[in-house]
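Letter by letter, the sequence shown follows residues 23 to 635 in our numbering.
So the structure is just underneath, and the comments pick up after that.
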Amino acid sequence: MDRRQEEEKRARSFDRQGALSTSVLDRARLSAGDQSAGLRVSLLLYHRDGVEAAPLVEGQSLVIGRAYPADLAIADESLSRQHARVEITDGEIWVEDLGSTNGTWVDGELVERCPVGPESELVLGTVVVAVHALGSWDDVAGLDGHDRFQRILEAEVDRARAFGRELALILVQDSGEPHGHVRRWLPEVRRLLRPFDVPALYSADTFEAILPEAGIATARATARLLSDHVDGLRCGIGVFPNHGGSAEELLEVTGEALRATSATERVVVGRTTPSAVECTASTEESPGPVARSSAMLRVLEAARRFSNTSMPVLIQGETGTGKEVVARLIHDWSERRDKPMICVNCGAIPAQLVESTLFGHEKGAFTGASTQARGVFETAEGGTVLLDEIGEMPIQAQAALLRVIETRRFNRVGSAKELKVNVRIIAATHRDLEKMCETGEFRRDLFYRLDAMAVRIPPLHKRPEDIEPLIARFIHNANRANARSIAGTDDEALERLLNHAWPGNVRELRNTIERAVVIARGDRITTADLPERICWLPSRRAPAQSSSNDVVDEPLGVESIDLRSVVSAYETKLVLNTLKAVSWDRNRAAKALSLPVRTLSFKMQQLDIKKPG
């Protein structure tokens, strides 16, 4: 089929779709303020870093690509330097491929040149392009991608913690099979959110948003509004502090909630309840910690030893190291394995309700206590109670807990009757309890009782032998959860993952792999699928910094100057020397050069600057 026949075929298909609908044409022409100005529309380009908007005017063309001299440059590896041209001719929008590597696709067909309309599925590499009437895209233009969103989420969690406020995270996805691209419903969803909510693109088919000052009730109402208003949407919800005390925890819990949605239950709240109490159970997706490193083997050895007694155990480690997983192992290896294990997040329970949550209360014991209620210790009789984040427990509740450890007796709130209890107590925290004892924030006598049997889980960067098998496990689980078939990582991506410092530990690794599996273009995860912070922040094996005095000092000369090549050479050396001076930390380099990070990334691709190795 020659080019003319291809164009006629695409044109016939275009006519069947209705080309640009009359309403879109009218809005586009009226938006120009002068109907004689011709058709004006806008293009929305959805890529891994967010959404870009570009106007398109009749008689002009727009070249889209990865770098200059493209009119619109997007730093996406799937794009060629000059990928495709879009233009309006005689009231029709045409796209022309410019010999790109990954091709230009319209409605699933590889094309050289053809017309497109608002209903067309235009894809350049992996960048999806949507056609809108000019002025109709304000609700999505400038939308951030996941990398920047996560940094904002971390700041919002810190703010919520400092002011004692709640914060909700929602993930929204089309329930269709396969999932529909967000471009079909994103503008409507954004209009339904509050003006101060913070939206972003998680992936091509999933939208995420921070709802400041929102608890479970508000988040659930918002999610139901979205799912009821836009047919087929499903929503997962996570709330600070109920479901997590960090950005990584909220992302993990909210992702699990989204995967738990169904056709009959389209809105699911995170795996803990508002009381922050959960009866846990072993699952296939968390069969136990990976332990190839000697450090983790020692942890498992201690856990097995401690499982044979009924004494309290204290598990310490950074956020995301797997403290709850080790606690589950101690329970499963003990004689209490057939009894319940109840996890209590001490940081998520209001201080005035901690004792009633743990020990229960009598009817009328306080305002709102309309009936008698059993507490965690009664419910867990014969089993195990995990007190997660015990460093957040109020002093008064610490005294009551010490009494339970020493006497195995407690009183319900509002009752003088003592009750006997037979439970195993496991406490977990990322805080330094010994220092808290010195400041009076934690009871020293309780610390000594807990610290008699202590397990300290090392951070992930101190057990690098465990990273690769963890990656394999998380890819397997993410494939099953998202109906993907990712075989693994390529060599460069694996090296990045192995060298990252992992401040969020195993939880951060899991969240990273799950999203990479979702957005991966091929059968393996590449660096293009990894967050910017992993590709560019200093690693735990960062090279020594170069001297900051290494500057460009060669004279340029005045004879037979090729200005473009001279400027390019100067710019290349300046950017390269700056990156070397900050150990290839792109954020620090961008600050030193007074550039946005995204602009620096574009410069590096344009100048073909790559980190050695």
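In this text, a Cβ means the ideal position worked out from N, Cα and C, and glycines have one as well.
Residue burial classification, Q628 (beta-carbon count within 10 angstroms, cutoff 16)
Label assigned to Q628: buried.
Helix, strand or coil at Q195 according to DSSP, with G and I counted as helix:
Of the three classes helix, strand and coil, the one that applies to Q195 here is strand, per DSSP.
Give me the DSSP bridge partner(s) of G510.
G510 pairs with R546.
Which residue's Cα is closest to the Cα of W355: A325, E377 and K345?
Considering only A325, E377 and K345, the residue with the shortest C-alpha distance to W355 is A325.
Cβ shell of A476 (< 6 Å), same chain only, five flanking positions each side left out
Only L336 meet the Cβ criterion.
The segment 236-243 / the segment 484-498 touching (three or more Cβ pairs under 8 Å):
The segment 236-243 vs the segment 484-498: no contact.
Please report the distance separating the alpha-carbon of R246 from that of N501.
Between the alpha carbons of R246 and N501 lies a distance of about 28 Å.
Those residues which DSSP pairs with I86 across a bridge
Paired residues: L94 and A106.
Round the Cβ separation of E176 and A269 to the nearest angstrom and send it over; I've been treating them as touching at under 8 Å.
Between A269 and E176 the Cβ distance is about 4 Å, and since that is below 8 Å, they are a contact.
Which term fits P263, buried or exposed, when burial requires 16 or more other beta carbons within 10 angstroms of its beta carbon?
Residue burial annotation: P263 is buried, with at least 16 other C-beta atoms found within 10 angstroms of its C-beta.
The beta strand (DSSP E) with T451 in it runs from where to where?
Per DSSP, T451 belongs to the beta strand (DSSP E) from R446 to T451.
With a floor of 4 residues, list each alpha helix (DSSP H) that falls wholly inside the segment 451-520, ordered by position along the chain.
Scanning the segment 451-520 from its first residue to its last, the whole alpha helix (DSSP H) runs of 4-plus residues come out as 455-461, 466-473 and 489-504.
Tell me the residue span of the alpha helix (DSSP H) that contains Q374.
From DSSP, Q374 is part of no alpha helix (DSSP H); its letter is neither H nor E.
To which residues of the same chain is I541 closer than 6 Å at the C-beta, ignoring the five residues directly before and after it?
Only residues of its own chain outside the window of five on either side were considered, and among them S225 and D551 have a CB closer than 6 Å to the CB of I541, listed in chain order.
Between R485 and S316, what straight-line distance do the alpha-carbon atoms span, to the nearest angstrom?
Distance between the alpha carbons of R485 and S316: 8 Å.
Suppose you measure from the CA of I352 to the CA of E440; what does that come to, to the nearest Å?
A direct Cα-to-Cα measurement between I352 and E440 gives close to 29 Å.
Delimiting residues of the alpha helix (DSSP H) encompassing R122:
A quick correction: the sequence has Ser, not Arg, at residue 122. Careful: S122 lies outside any alpha helix (DSSP H) and carries neither H nor E.
Let's test the definition: count the other Cβ atoms within 10 Å of the Cβ of N527 and tell me whether it reaches 16, buried, or not, exposed.
Result: buried.
Here's a check: name, in chain order, each residue in its chain whose Cβ is nearer than 7 Å to the Cβ of P416, leaving out the five neighbours to either side.
For P416, where only same-chain residues beyond five positions count, the Cβ hits under 7 Å are A373 and V376.
Can you tell me whether D630 is buried or exposed, with buried defined as 16 or more other CB within 10 angstroms of its CB?
By the neighbour-count rule (16 or more Cβ atoms within 10 Å), D630 is not buried but exposed.
In this structure, does DSSP put F388 in helix, strand or coil?
Coil, per DSSP.
To which residues of the same chain is A95 closer than 7 Å at the C-beta, ignoring the five residues directly before and after it?
Only G87, R88, A89 and F624 meet the Cβ criterion.
Taking a contact to mean a Cβ-Cβ separation below 8 Å, would you say C368 touches E411 in this structure?
Yes. Within cutoff.
Count the other CB atoms within 10 Å of the CB of L233; is the residue buried (16 or more) or exposed (fewer)?
Per the 10 Å Cβ criterion, buried.
Give me the residue from L424, E230, P137 and H105 with the minimum Cα distance to R212.
When only C-alpha atoms are compared, the closest one is E230.
Would you kindly check if the distance between the Cβ of V204 and the Cβ of Q68 is under 8 Å?
According to the sequence displayed, residue 68 carries Tyr and not Gln. Yes; because the gap between Cβ atoms is below 8 Å, this pair is in contact.
First and last residue of the alpha helix (DSSP H) that includes K613?
For K613, the enclosing alpha helix (DSSP H) starts and ends at R608 to A614.
Nearest to W127 by alpha carbon, out of L144, G121, P140 and L101?
Between W127 and the set L144, G121, P140 and L101, the nearest pair of CA atoms involves L144.
Relative to the alpha-carbon of N6, which residue among A603, G436 and V619 has its alpha-carbon at the smallest distance?
No answer is possible for residue 6: it lies beyond the span of the chain, which begins at 23 and ends at 635.
Cut-off 6 Å between Cβ atoms - residues of its own chain near M626, not counting five sequence neighbours on either side:
Excluding residues within five positions, none has a Cβ falling inside 6 Å.
Which residue wins for smallest C-alpha separation from V638, given the options L482, T549, N504 and L273?
The chain is shown only over 23 to 635; residue 638 falls outside these bounds and no answer can be derived.
Using 8 Å as the threshold, is the C-beta distance between P221 and L165 below it?
Yes, Cβ-Cβ distance for P221 and L165 is below 8 Å.
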